[in-house]
Amino acid sequence: METKVKKMKWRTLYKENVNRRYNEINQIVNENATLHSNPIKRIKENKFVYLTVTLIVLAILAFAFWGTSISIFFIVIAFFAVMFGLILYFDSYKMICTKDGLYVKFGFQETMLPYGILKNAYIDKKNDYTFGVPLRDYNITLRYSDALGFLKELTFPTYFLKIEETKKFLENFIIDNKNSEDSVQYEKGKILKNILRGLLFIGFVVFILVCCFCK
Numbered sequence: 062m063e064t065k066v067k068k069m070k071w072r073t074l075y076k077e078n079v080n081r082r083y084n085e086i087n088q089i090v091n092e093n094a095t096l097h098s099n100p101i102k103r104i105k106e107n108k109f110v111y112l113t114v115t116l117i118v119l120a121i122l123a124f125a126f127w128g129t130s131i132s133i134f135f136i137v138i139a140f141f142a143v144m145f146g147l148i149l150y151f152d153s154y155k156m157i158c159t160k161d162g163l164y165v166k167f168g169f170q171e172t173m174l175p176y177g178i179l180k181n182a183y184i185d186k187k188n189d190y191t192f193g194v195p196l197r198d199y200n201i202t203l204r205y206s207d208a209l210g211f212l213k214e215l216t217f218p219t220y221f222l223k224i225e226e227t228k229k230f231l232e233n234f235i236i237d238n239k240n241s242e243d244s245v246q247y248e249k250g251k252i253l254k255n256i257l258r259g260l261l262f263i264g265f266v267v268f269i270l271v272c273c274f275c276k
């Protein structure tokens, strides 16, 4: 009897790579390791799913704007088309481990991160509460030091990546066995910034409510 292999989830991969957030990269395994986010290819591979979703969205829009101006309907369609085009653009990128460093190409831009300044490569997560419903978003984050020695990050979405390929790519980076003090302090700074953003958002909401009820 064959044993069914359980498909890995992004949450599992995130938990497996928590140490990569704090432990710096010291070497790589293979110079030709590649990670490619190709939205068009993934859409072709799952064309029936995307086609079904598209038809459902069109049906909902047609029902919602039935009896109204046809121009509004096409404006909404054009808006969704533009948003879809932006998703294809910003979610298209490639990372290649070369002899001299990590080559990154995203959109019409490209950069080379020498291994001497590349500190961390890990899976990050973000909880989005924009529409009142908690949505968890996973990203690939590259942390590096700039010319002045300050840590900076490049973040890339994982919507069109395969989990297995992402796992293999991350494992190509061998990390230290101990936490980097710079990375730990940087993460503490990120947490503080998120808390401040949350407080500012709550303050803004309270201000709006006070203005509405005090009229």
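Each number in my numbering corresponds to the 1-based position in the sequence shown with 61 added.
Glycine included, every Cβ here is placed at the ideal spot set by N, Cα and C.
Per DSSP, what are the beta-bridge partners of residue i in this structure?
i: Asn91; result: For Asn91, which the question treats as bridged, DSSP gives no partner whatsoever.
i: Cys272; result: Cys272 pairs with nothing; no bridge assigned.
i: Asn181; result: Arg204
i: Thr288; result: Summary: the structure shown does not reach residue 288, with the chain confined to residues 62 through 276, and so no result is reported for it.
i: Lys186; result: Tyr199
i: Ile235; result: Gln88
i: Glu171; result: Lys166
i: Met156; result: Leu96, Val165
Whole angstroms is fine: what's the gap from residue i's alpha carbon to residue j's?
i: Val194; j: Lys160; result: Interpretation of Val194 is limited by its pLDDT of 48, a score under 50 that renders its predicted location unreliable; the figure taken from the coordinates is listed afterwards. Rounded to the nearest angstrom, the two C-alpha atoms are 44 angstroms apart.
i: Val66; j: Glu106; result: Residue confidence for Val66 is low, a pLDDT of 48 falling below 50, so the modelled location carries little weight and cannot support an answer.
i: Asp243; j: Ile136; result: 49 angstroms
i: His97; j: Arg103; result: 11 angstroms
i: Lys180; j: Tyr83; result: 9 angstroms
i: Gly250; j: Glu226; result: 31 angstroms
i: Phe262; j: Met144; result: 25 angstroms
i: Val245; j: Leu74; result: 21 angstroms
i: Arg81; j: Phe109; result: 36 angstroms
i: Thr113; j: Met69; result: 25 angstroms
i: Met156; j: Asn99; result: 12 angstroms
i: Leu119; j: Lys187; result: 29 angstroms
i: Phe274; j: Val266; result: 12 angstroms
i: Glu248; j: Leu257; result: 14 angstroms
i: Lys76; j: Lys228; result: 12 angstroms
Quick one: using the 10 Å Cβ neighbour count with 16 as the cut-off for buried, is residue i buried or exposed?
i: Ile269; result: exposed
i: Cys277; result: In this structure the chain extends from 62 to 276, so residue 277 is not present and cannot be described.
i: Asp185; result: buried
i: Leu253; result: exposed
i: Asn255; result: exposed
i: Ile121; result: exposed
i: Leu209; result: exposed
i: Ile117; result: exposed
i: Tyr111; result: exposed
i: Asn78; result: buried
i: Thr172; result: exposed
i: Ile201; result: buried
Would residue i and residue j be called neighbours here (beta carbons separated by less than 8 angstroms)?
i: Phe230; j: Ala94; result: yes
i: Leu212; j: Val165; result: no
i: Ile178; j: Tyr205; result: yes
i: Leu222; j: Leu203; result: no
i: Tyr154; j: Phe140; result: no
i: Phe124; j: Phe134; result: no
i: Gly162; j: Tyr183; result: no
Please confirm whether residue i has its beta-carbon closer than 8 angstroms to some beta-carbon of chain D.
i: Lys160; result: No chain D appears in the structure shown, which is made up of a single protein chain.
Is there contact between the segment 229-239 and the segment 76-96, where contact requires at least three CB pairs shorter than 8 angstroms? yes
Contact the segment 121-137 vs the segment 147-154: 3+ CB pairs below 8 angstroms: no
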